[in-house]
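Protein chains in written order, with my numbering: chain A, 6 to 161; chain B, 6 to 161. Please read the structure below before turning to the comments.
Number of protein chains: 2
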Amino acid sequence: MKRSATPDNPEISDAQLMFDVLNEIGIISQLSRALLESRLQDGLTQQHFGVLNHMVRLGDGCTPLGLARAFQVPKTSMSHTLAGLEKRGLITMAPNPDDGRGKLIYLTDAGRDLRNIAISTIAPDVIAMIPQFGRDDANAALPLLRKLRVLLDEAR
Amino acid sequence: MKRSATPDNPEISDAQLMFDVLNEIGIISQLSRALLESRLQDGLTQQHFGVLNHMVRLGDGCTPLGLARAFQVPKTSMSHTLAGLEKRGLITMAPNPDDGRGKLIYLTDAGRDLRNIAISTIAPDVIAMIPQFGRDDANAALPLLRKLRVLLDEAR
DNA sequence: CTTGTATGGTTCGATATCGTACTATAAGAT
DNA sequence: ATCTTATAGTACGATATCGAACCATACAAG
Chain A
6 MKRSATPDNP EISDAQLMFD VLNEIGIISQ LSRALLESRL QDGLTQQHFG
56 VLNHMVRLGD GCTPLGLARA FQVPKTSMSH TLAGLEKRGL ITMAPNPDDG
106 RGKLIYLTDA GRDLRNIAIS TIAPDVIAMI PQFGRDDANA ALPLLRKLRV
156 LLDEAR
Chain B
6 MKRSATPDNP EISDAQLMFD VLNEIGIISQ LSRALLESRL QDGLTQQHFG
56 VLNHMVRLGD GCTPLGLARA FQVPKTSMSH TLAGLEKRGL ITMAPNPDDG
106 RGKLIYLTDA GRDLRNIAIS TIAPDVIAMI PQFGRDDANA ALPLLRKLRV
156 LLDEAR
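Listed below in structure tokens is the structure:
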């Protein structure tokens, strides 16, 4: 199980540690995505929900590229996600008056409602996790994750 | 016990905390996947690499369903991933002598080699992160992540 | 005012993901 | 033995993801 942590090459075990961290993160992401999507209707994905949630929390009128950066996905992926949201009437896309190339994304009432319903639907699952995970551990984990995310983001 | 923004309903901010944790995890997962796949050739994905790595570390001769459970993906997804690995000559699939329905997956030499090459290719990036993230923080994060993963797994 | 280059966005094709439905074998209960 | 239910895996279709190529606009330098 334990790879030889040869004292002359401590980097190996350090690298293994980071691999393990990223591996756990990958599986948690997979699990939380599956949990979320099992609660969403109409083939909505985590990305769809994420975009709606982002705009409710931080305000709409943002650009497709800005959203792509916020979620760290290629702009082509965001383009497809936004097309799906527009097709469902959850957002509208308007040309950017300040930039002839760009667009601005706005929530519709339906989009806002759907986000709020989704939150209510998922909240019990999330709240149920807290006593088991522990508020202290959650509070401890968040800054570590933020730091790691920023690091990975800068290292791109 | 709680310094809450909404004293009448502390669960709200706790839920927000967990949402934030899962959100950071999702983005980190996205970033590390992008980083990994940019280093892999021949259209290999994180799943492909993950399966090879899993078998090198924990031994091959495992079943498709066992792998699907290990990675928390539907068995149809694993079926597709394994087909891709077999097509590339990185694994072989044999009928399970103890179960007429099942198969057993074995690494080929090419599969083992590819995994080792991939590890060597990625290791510098991972090692470079360590001094910035901090070994202590990595050591602190891992058990928290494991706990969260187990929790989510059980709550499925 | 051109020209070159950078930026915002879409289109398209290849592949991945995953739910539904299906086949085949296994295993337990009459 | 037969029936029932559970399990391992695949086929297929719908959608998601993403890189390459592309278009249009912006912007900077002559």
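For every residue, glycine included, the Cβ atom is placed at its ideal position computed from N, Cα and C.
{"Query": "Burial state of S34(B) (16 or more Cβ within 10 Å)", "Result": "buried"}
{"Query": "Under 8 Å from the C-beta of R228(A): neighbouring residues of chain B", "Result": "No answer is possible for residue 228(A): the residues shown for chain A start at 6 and end at 161."}
{"Query": "Alpha-carbon to alpha-carbon, M134(A) and A145(B)", "Result": "20 Å"}
{"Query": "Distance CB(P69(A))-CB(G107(A)) smaller than 9 Å", "Result": "yes"}
{"Query": "contact_flag[the segment 78 to 89 of chain B, the segment 38 to 54 of chain B] where n(CB pairs < 8 Å) is 3 or more", "Result": "yes"}
{"Query": "Contacts that I135(A) makes with chain B (C-beta to C-beta distance below 7 Å)", "Result": "D19, M23"}
{"Query": "Coil, strand or helix - L112(A) by DSSP", "Result": "strand"}
{"Query": "Residue interval of the alpha helix (DSSP H) (run including T2(B))", "Result": "Residue 2(B) lies beyond the stretch modelled for chain B, which goes from 6 to 161, so this question has no answer here."}
{"Query": "Cβ-Cβ distance between V72(B) and L87(B) below 9 Å", "Result": "Val is not the amino acid found at residue 72(B); the sequence shown has Leu there. Yes. Within cutoff."}
{"Query": "N121(A) at chain B interface by Cβ criterion, 9 Å", "Result": "no"}
{"Query": "Neighbouring residues, chain A, relative to L3(B) (Cβ below 8 Å)", "Result": "The question about residue 3(B) has no answer, for chain B in this structure spans 6 to 161."}
{"Query": "Exposure label - L63(A); buried when at least 16 CB within 10 Å", "Result": "exposed"}
{"Query": "Cβ neighbour criterion (16 or more within 10 Å) applied to E159(A)", "Result": "exposed"}
{"Query": "P102(A): first and last residue of the uninterrupted beta strand (DSSP E) it sits in", "Result": "Unbroken run through P102(A): none, as it is neither H nor E."}
{"Query": "Cα-Cα separation between L22(B) and A115(A), rounded to whole angstroms", "Result": "26 Å"}
{"Query": "Neighbourhood of R161(B) by C-beta, 8 Å cutoff - its chain only, sequence neighbours within 5 removed", "Result": "none"}
{"Query": "Sequence-distant residues of its chain with Cβ nearer than 8 Å to N101(A) (five each side left out)", "Result": "T68, G107, K108, L109"}
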